[in-house]
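Engineer:
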Amino acid sequence: MTFNLPATDRRLWALAWPLMLTNLTVPLLGLVDTAVLGHLESPEYLGAVAVGANLFSILYWTFGFMRMGTTGLAAQAWGKRDSFSQVALLLRSVLLATGIGLLLILFHQPLIQTGLALMNPSEGVTELAAEYAAIRIWSAPAVLCQYTLVGWLIGTQFPRGPMIMLIAANGLNIVLDILFVTVLGWNSRGVAIATVIAEYGAATIGFMIVLSRMPEGQRLTRALFGKLEDYLKILRVNRYIMVRTIALLLVLAFFTSQGARQGDTILAANAVLITFLLLISNALDGFANAAEALIGEAVGQGSRRRFRVVFRSALRWSLWGALLLTVVFVAGGHWLITLLTGIEEVRTTAWRYLPWLWLLPFAAVWGFLLDGIFIGATRTRDMQNTMLFSALAVFAPVWWLTTGWGNHGLWFALISLMVARAVSMGWLCWSHTRHGRWFQSQ
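Under this note's numbering, think of the first position of the sequence shown as 1, with each following residue one higher.
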């Protein structure tokens, strides 16, 4: 049997399925971390990695514009068939990423100490999380370079590149996890070492792929390196994504911190469920990432009709993906939790809050998709403003009003954040379309 999909749907799927597979390797790695540590004798190891990993999510994804901003700009250069701009953007972004990564290593001690103080886990978890973080920080240059390489490859419509990078690296990470934790008994320290080795492996593979994709006839010239103002321009263009990302990750850090205040068992149970949230976001982001490339191409070509067709196709398939994930978690949620942890009190606690997970796919899918649309069109200021509105005017008040609900209130506030993002970004999307602002300079 064959499916006669429209041409845009075929192009979307050609980009989305490698990106979806790539994205799914990230939470699957988290699943392995959780499963390996979740079967040890103490929940402190699982809690330490939950706190440490959340800290690095904040630290690294503060600079997530290295991926998102590069995708939008590369896609528009691709749409214009501008080889010089494609290569110049890549080179300058890689140099910027390396410099930022080295600065993070240089100033890592106060950053880690401040982060752990804000999260305020128990004394035992704090000690293990500090050890984990002191090792993980050495991967900073590799991680930020990966963001740039992945963004450029998505923008230039070569999704197999990120797939090869991350599947190979995460496969290595999983093997090292099992070796260092299960065989050698290094606990949370082993998870950190495995991650650092895998991150440099991914960056190495990424550079090899990118070099093979250089546009023909474009030589390495001094002009590609640009001037200081060219690097400052990259930072200025992407500052809105930085603020938006910091706001989102601070919400997740606050979520982890409030879970920690309710005890190590709640912290560990939330860590298990947040792993599923990462699975949802990374699966649905496959369509959003594909939309980034195709929307950016449409904007580069100045084609309004193409823009509309891509948007409708991405929306349709994103909703089907959300439906599928909802069915999976409703039907198999209890089994998946059992698979991840053998600690009875953590398992029982996670079961209690599982219904909140059932609501997440349809609450979150709109924001994920619209992120892709806004990134492709480089409307990054709108992304910042809607996230600040959702975090400050919705998430924070809802959490405060439901503190008496305990962990249920925390999950309700997180769902409310997702809905607020969907509504605010959806309204702006409708407004830009009605008034023809997608193709106007900002």
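For glycine and all other residues, C-beta sits at the position ideal for the given N, C-alpha and C.
With a 10 Å radius around its C-beta and 16 neighbouring C-beta atoms as the bar for buried, classify THR71 as buried or exposed.
Structural biologist: buried
Engineer: Just tell me which of LYS80, GLN76, ILE100 has its CA closest to the CA of MET66.
Structural biologist: ILE100
Engineer: Please classify LEU15 as buried or exposed, where buried requires at least 16 neighbouring CB atoms within 10 angstroms.
Structural biologist: Buried, by the Cβ-count rule.
Engineer: For the alpha helix (DSSP H) containing LEU388, name the first residue and the last one.
Structural biologist: In the DSSP assignment, LEU388 falls within the unbroken alpha helix (DSSP H) covering 380-388.
Engineer: When the distance is taken between beta carbons, is GLY302 closer than 8 Å to PHE439?
Structural biologist: Result yes, Cβ atoms of PHE439 and GLY302 sit closer than 8 Å.
Engineer: If we ignore side chains and look at the alpha-carbon of each, how far apart do THR2 and ARG11 end up?
Structural biologist: Note that THR2 has pLDDT 42, beneath the 50 cutoff, so the model's placement of it is unreliable and the number below is only indicative. About 16 Å.
Engineer: Taking Cβ to Cβ, would you say LEU484 is nearer than 8 Å to PHE63?
Structural biologist: No answer is possible for residue 484: it lies beyond the span of the chain, which begins at 1 and ends at 442.
Engineer: What's the C-alpha gap between ALA468 and ALA377?
Structural biologist: Outside the shown range of the chain (1 to 442) lies residue 468, about which nothing can therefore be said.
Engineer: Kindly indicate which three-state DSSP category SER122 falls into: helix, strand or coil?
Structural biologist: coil
Engineer: Could you give the distance in angstroms between the alpha-carbon of SER318 and the alpha-carbon of GLU123?
Structural biologist: 42 Å
Engineer: Check this for me: beta carbons of LEU224 and ALA88, under 8 Å apart or not?
Structural biologist: yes
Engineer: Pairing CB atoms from the segment 111-119 with CB atoms from the segment 149-164, are three or more of them under 8 Å?
Structural biologist: no
Engineer: Tell me whether GLU44 is buried or exposed, calling it buried when 16 or more other Cβ atoms sit within 10 Å of its Cβ.
Structural biologist: buried
Engineer: Ignoring anything shorter than 4 residues or poking outside the segment 157-200, list the alpha helix (DSSP H) runs there in chain order.
Structural biologist: The qualifying runs are 160-177.
Engineer: Between which residues of its own chain and THR98 is the CB-CB distance below 8 Å, once the five residues before and five after are set aside?
Structural biologist: So the list reads PRO141, LEU144, CYS145, once near-sequence residues are dropped.
Engineer: Flag this pair as yes or no: are the beta carbons of ARG160 and PRO355 separated by less than 8 Å?
Structural biologist: Against a cut-off of 8 Å, the Cβ pair of PRO355 and ARG160 comes out as no contact.
Engineer: Check whether the segment 391-404 touches the segment 326-343, taking contact to mean three or more Cβ pairs, one atom from each stretch, closer than 8 Å.
Structural biologist: no
Engineer: Between the Cα of ALA133 and the Cα atoms of GLY286, VAL191, ILE178, ILE174, which residue gives the shortest distance?
Structural biologist: VAL191
Engineer: Please return the same chain residues whose Cβ sits closer than 6 Å to the Cβ of TRP427, not counting the five positions on each side in sequence.
Structural biologist: Counting only Cβ-Cβ distances below 6 Å, and skipping sequence neighbours, we find nothing.
Engineer: Do you know how far the Cα of ASN385 is from the Cα of THR433?
Structural biologist: 18 Å
Engineer: Please determine, among SER139, GLY367, ALA293, ALA269, the residue with the shortest C-alpha to C-alpha distance to ALA74.
Structural biologist: ALA293
Engineer: Mapping DSSP to helix, strand and coil, what is THR204?
Structural biologist: helix
Engineer: Sort ARG381, VAL94, TRP13 by Cα distance to TYR231 and report the nearest one.
Structural biologist: In terms of Cα proximity to TYR231, the closest of ARG381, VAL94, TRP13 is VAL94.
Engineer: For PHE180, which of ALA194, ALA364, GLY171 has the nearest alpha-carbon?
Structural biologist: ALA194
Engineer: Assuming contact is defined by CB atoms lying nearer than 8 Å, are GLY321 and PHE374 in contact in what I supplied?
Structural biologist: no
Engineer: Output the boundary residues of the alpha helix (DSSP H) element that contains MET214.
Structural biologist: Premise fails: MET214 is in no alpha helix (DSSP H) and is neither H nor E.
Engineer: Along the chain, which unbroken stretches of the beta strand (DSSP E) at least 3 residues long are found entirely within the segment 66-91?
Structural biologist: none
Engineer: Mind the definition here: the segment 418-426 touches the segment 273-284 only if three or more C-beta pairs lie below 8 Å; say whether that holds.
Structural biologist: no
Engineer: So, for TYR240: in the same chain, excluding its five sequence neighbours on each side, which residues have a beta-carbon less than 6 Å away from its beta-carbon?
Structural biologist: THR380, ARG381, GLN384
Engineer: Who are the near neighbours of VAL330 in its chain, counting only those whose CB is closer than 6 Å to its CB and skipping five residues on each side?
Structural biologist: TRP358
Engineer: Distance, Cα to Cα, TYR200 vs ASP177?
Structural biologist: 16 Å
Engineer: How many angstroms separate the CA atom of THR348 from the CA atom of ASP82?
Structural biologist: 56 Å
Engineer: Nearest to LEU388 by alpha carbon, out of LEU250, ALA198, VAL365?
Structural biologist: LEU250
Engineer: Assuming ILE135 and ARG189 form a contact by the criterion Cβ under 8 Å, report the distance between their Cβ atoms to the nearest whole angstrom.
Structural biologist: 7 Å
Engineer: With distance defined between alpha-carbon atoms, name the residue in PHE311, ALA291, ASP285, ARG236 nearest to LEU325.
Structural biologist: ASP285
Engineer: Looking only at C-alpha atoms, which of ALA168, THR156, ILE105 sits nearest to LYS80?
Structural biologist: THR156
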